[in-house]
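Here the structure is laid out as C-alpha cells; the discussion comes afterwards.
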Amino acid sequence: MIKKPLLRYAGVALLGTCLLGSCTTTKKYNALLAQKVNLEREKADCETSLAKATTERTDLSKQVAELTEYRQQLASDTTQLGNVLRKTQSLYADLSSSYDKLMKNHDKLMANSALESSKLSKDLSRREEELKKLNEALAKNRSQVDQLSTDLKSREERLNELERILSEKDKAVNALKTKVSNALLGFNSKDLTVNVQNGKVYVSLSEQLLFKSGSTKVDAKGQDALRKLANALKDQNDVNVVVEGHTDDVPVSKGTVGMQDNWDLSVLRATEITRILTSAGLAGTKITPSGRAENVPLDPAKTAEARQKNRRTEIILTPKLDELFKILEVN
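So the sequence shown is numbered by full-length UniProt numbering: it starts at 1 and just counts up by one.
As C-alpha cells, then:
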C-alpha cells in the first residue's frame, strides 16, 4: 500500500524535474504522468482494500461478540439434571476454550487469507451445530423434567387421597370398637375383650363364656353376648366379619361324635357362632366362619392357664377397603 505523502513527494519530484530541466521531452513527461495516474489508481485500490478489510474485521468482531453473548446466555440455562449438567459443563468448557483461542487469534485472523477465513467459518458453523444439538438435548431433558413433575404431582395426589382414606378407616375402626365395646358392657373382661390390631377390631370370647369343654353348643350367656354383638353390627354395611375358632393343643377325645380332631372342633364352633349371629339379624353374606385348631395360640406354654387362654373364639371385624384398593390399582 502506498501512503499519501509518498505520492505527494513523487509528484513534486516530477514537477521539479520538469521545471529545472527545461529540456525534458514531452515523451518523458507523458511517461511520468502515466506513472502518476497508475500510482493514484493503486492508491485508490489500496484504500478500497483497506475499507473492505475494515468492514470484514467489524463484521467478524460483531459475530464474535454475538457468539460470546450467546454462549453466556446458554451457560445460564444449563442448571439441569446431574448427568446432563456435567456433560453440558464439559461442552461449555470446550466451547470457552475455543472462544478464548478465537479471541487471541482475532487480529491475526483479520489479516489471514481467504482460505483461513473459510476455515474459521466452517469451525464456527460446527460450533453452532454443536450448540443447536445441545439446545435440543436441553429441551428434551426439560420435557422429561416436566413429565416427572407431572407424575410426581399425580402420585402426591394419590398419596394424599390414600392418607385421607386410611385416616377415615382408622376413625371408622375406632368408632366400631367403641360401639362394640358399649354393646358388650357387663361381661367379664377375662371372658370377653375388644381390641384394635392392624386396622381391625378383634372381639375375643373365651371358651368359658361360650362352650362347655368339647361342646359345639353355645351357652345361654354366650348367646346373649353374640346377639348383642349382632345388633351392634346390623347397620355396619361396610364391615366384614370373620369368625375364627381356636382350641388348645389337647386332642379331642376319641369317639367324639362328628369330630376327628381339633380342626373339626374349631370349625364347628365357628359355624355354630355364625348361625347365632345370622339368626340375630346379621347378614350371612358378611360372615365367614373358619377354624384354626391349635395353630395360633396366644400362649405357647403347656400349662393349664395357657391352654385356657388359647381356647377361644375371635370375631374379627374388618372395614371394607374397596375405595383404597381402587387407588392402589391405579398405575
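Every residue gets a Cβ at the ideal spot worked out from N, C-alpha and C, and that includes glycine.
As the structure is a prediction and not an experimental result, all values here were calculated from the model.
Legend entry - Proximity of Val252 and Thr318 at Cβ, strictly below 8 Å: Locating residue 252 in the sequence shown gives position 252, where the first residue counts as 1. Locating residue 318 in the sequence shown gives position 318, where the first residue counts as 1. Taking 8 Å as the Cβ cut-off, Val252 and Thr318 do not qualify as a contacting pair.
Legend entry - Sequence-distant residues of its chain with Cβ nearer than 7 Å to Leu102 (five each side left out): Locating residue 102 in the sequence shown gives position 102, where the first residue counts as 1. Answer for Leu102: Val64, listed in chain order.
Inset, instruction - State the start and end residues of the unbroken beta strand (DSSP E) segment that holds Val84. - result: The residue given as residue 84 occupies position 84 in the sequence shown. Element bounds for Val84: not the beta strand (DSSP E) but the alpha helix (DSSP H), Gly82 to Lys104.
Inset, instruction - Answer yes or no: do Thr216 and Arg269 have a C-beta to C-beta separation smaller than 8 Å? - result: As a position in the sequence shown, residue 216 is number 216, starting the count at 1. As a position in the sequence shown, residue 269 is number 269, starting the count at 1. Cβ atoms of Thr216 and Arg269: closer than 8 Å.
Inset, instruction - Taking 8 Å as the cut-off, decide whether the C-beta atoms of Gly291 and Val257 are in contact. - result: Translated into the one-based positions of the sequence shown, residue 291 becomes position 291. Translated into the one-based positions of the sequence shown, residue 257 becomes position 257. No, the Cβ-Cβ distance between Gly291 and Val257 is not below 8 Å.
Legend entry - Distance, Leu159 Cα to Asn237 Cα: Within the sequence shown, numbered from 1, the residue matching residue 237 stands at position 237. Within the sequence shown, numbered from 1, the residue matching residue 159 stands at position 159. Cα to Cα, the separation comes out at about 26 Å.
Legend entry - Buried or exposed by the 16-neighbour rule on C-beta atoms within 10 Å, applied to Gly255: Here residue 255 is taken as the residue at index 255 of the sequence shown, counted from 1. With fewer than 16 other Cβ atoms within 10 Å, it is exposed.
Legend entry - Bridge partner(s) assigned by DSSP for Leu282: By 1-based counting over the sequence shown, the position of residue 282 is 282. Bridge partners of Leu282: none, in fact.
Legend entry - Straight-line Cα distance separating Leu134 from Gln80: Numbered from its first residue, the sequence shown carries residue 80 at position 80. Numbered from its first residue, the sequence shown carries residue 134 at position 134. Their Cα atoms are separated by approximately 12 Å.
Legend entry - Length of the line joining the Cα atoms of Glu66 and Glu157: Working through the sequence shown from its first residue, we reach residue 66 at position 66. Working through the sequence shown from its first residue, we reach residue 157 at position 157. Whole-angstrom Cα-Cα distance: 46 Å.
Inset, instruction - Output the distance between the C-alpha atoms of Glu294 and Gln260, rounded to the nearest integer angstrom. - result: Locating residue 294 in the sequence shown gives position 294, counting from the first residue. Locating residue 260 in the sequence shown gives position 260, counting from the first residue. Answer to the nearest angstrom: the Cα atoms are 14 Å apart.
Inset, instruction - Measure the beta-carbon distance from Asn174 to Val196 and round it to whole angstroms, keeping in mind my assumption that it falls under 8 Å. - result: Here residue 174 corresponds to residue number 174 of the sequence shown, with the count starting at 1. Here residue 196 corresponds to residue number 196 of the sequence shown, with the count starting at 1. At roughly 7 Å, the Cβ-Cβ gap stays under 8 Å, so Asn174 and Val196 are in contact.
Inset, instruction - Tell me Tyr202's beta-bridge partners as DSSP assigns them. - result: In the sequence shown, the residue the question calls residue 202 occupies position 202. According to DSSP, Tyr202 bridges with Asn195 and Ile316.
Inset, instruction - Along the alpha helix (DSSP H) that carries Ala301, what are the first and last residues, could you check? - result: For the purposes of this step, residue 301 is identified with residue 301 of the sequence shown, where counting begins at 1. No alpha helix (DSSP H) holds Ala301; DSSP gives it neither H nor E.
Legend entry - Contacting residues, own chain, Cβ-Cβ under 8 Å from Arg311 (five flanking each side not counted): Against the sequence shown, residue 311 aligns to sequence position 311. Excluding positions up to five away in sequence, the list reads Ser206, Glu207, His246, Thr247 and Asp248.
Legend entry - Any 3 or more C-beta pairs closer than 8 Å across the stretch 298-305 and the stretch 222-232: no
Legend entry - Beta-carbon proximity of Arg126 to Tyr99, cut-off 8 Å: Locating residue 126 in the sequence shown gives position 126, where the first residue counts as 1. Locating residue 99 in the sequence shown gives position 99, where the first residue counts as 1. Not in contact: Arg126 and Tyr99 (Cβ atoms no closer than 8 Å).
Inset, instruction - Compare the C-alpha of Asn262 against each of Glu272, Thr271, Ile273 and Val250 and name the closest. - result: Counting from 1 along the sequence shown, the entry for residue 262 is found at position 262. If we check each option's Cα against that of Asn262, Val250 comes out closest.
Legend entry - CB-CB length for Leu74 against Leu131, believed under 8 Å: Sequence index remark: in the sequence shown, residue 74 carries index 74 (1-based). Sequence index remark: in the sequence shown, residue 131 carries index 131 (1-based). With a Cβ gap of about 7 Å, Leu74 and Leu131 count as contacting.
Legend entry - Residues near Leu68 by beta carbon distance below 7 Å, same chain, minus five either side: As a position in the sequence shown, residue 68 is number 68, starting the count at 1. In the sequence under discussion, the amino acid at residue 68 is Thr, which differs from the Leu named in the question. Counting only Cβ-Cβ distances below 7 Å, and skipping sequence neighbours, we find Tyr99.
Inset, instruction - Can you tell me which of the three DSSP states Ile327 falls into? - result: Position 327 of the sequence shown, counted from the first residue, corresponds to residue 327. With a pLDDT of 47 at Ile327, under the threshold of 50, the modelled position of that residue is not reliable, and the figure given next carries that caveat. Helix, per DSSP.
Legend entry - Outcome for Ala225 when other beta-carbon atoms lying within 10 angstroms are tallied against a minimum of 16: By one-based count along the sequence shown, residue 225 stands at place 225. Classification for Ala225: buried.
Inset, instruction - List the DSSP bridge partners of Ser290. - result: The residue given as residue 290 occupies position 290 in the sequence shown. According to DSSP, which records beta bridges pairwise, Ser290 is partnered with Glu244.
Inset, instruction - Could you check how far apart the C-beta atoms of Thr313 and Leu210 are, in whole angstroms? I think they sit under 8 Å. - result: The residue given as residue 313 occupies position 313 in the sequence shown. The residue given as residue 210 occupies position 210 in the sequence shown. At roughly 6 Å, the Cβ-Cβ gap stays under 8 Å, so Thr313 and Leu210 are in contact.
Inset, instruction - Run the CB neighbour count on Val218, radius 10 Å, all protein chains shown included, and call it buried at 16 or more, exposed below. - result: Here residue 218 refers to the residue found at position 218 of the sequence shown. Buried, by the Cβ-count rule.
Inset, instruction - Enumerate in chain order the residues of its own chain whose CB-to-CB distance from Lys320 is below 8 Å, with the five nearest sequence positions on each side excluded. - result: As a first step, residue 320 is located in the sequence shown; it is residue number 320 there, counting from the start. Closer than 8 Å at Cβ, skipping near neighbours: Asp238, Val239 and Asn240.
Legend entry - Closer than 8 Å to chain C by CB, Asp264: Annotation note: the requested chain C is absent from the structure, which comprises a single protein chain.
Inset, instruction - Taking 8 Å as the cut-off, decide whether the C-beta atoms of Leu298 and Lys309 are in contact. - result: Here residue 298 refers to the residue found at position 298 when the sequence shown is read from its first residue. Here residue 309 refers to the residue found at position 309 when the sequence shown is read from its first residue. Yes.
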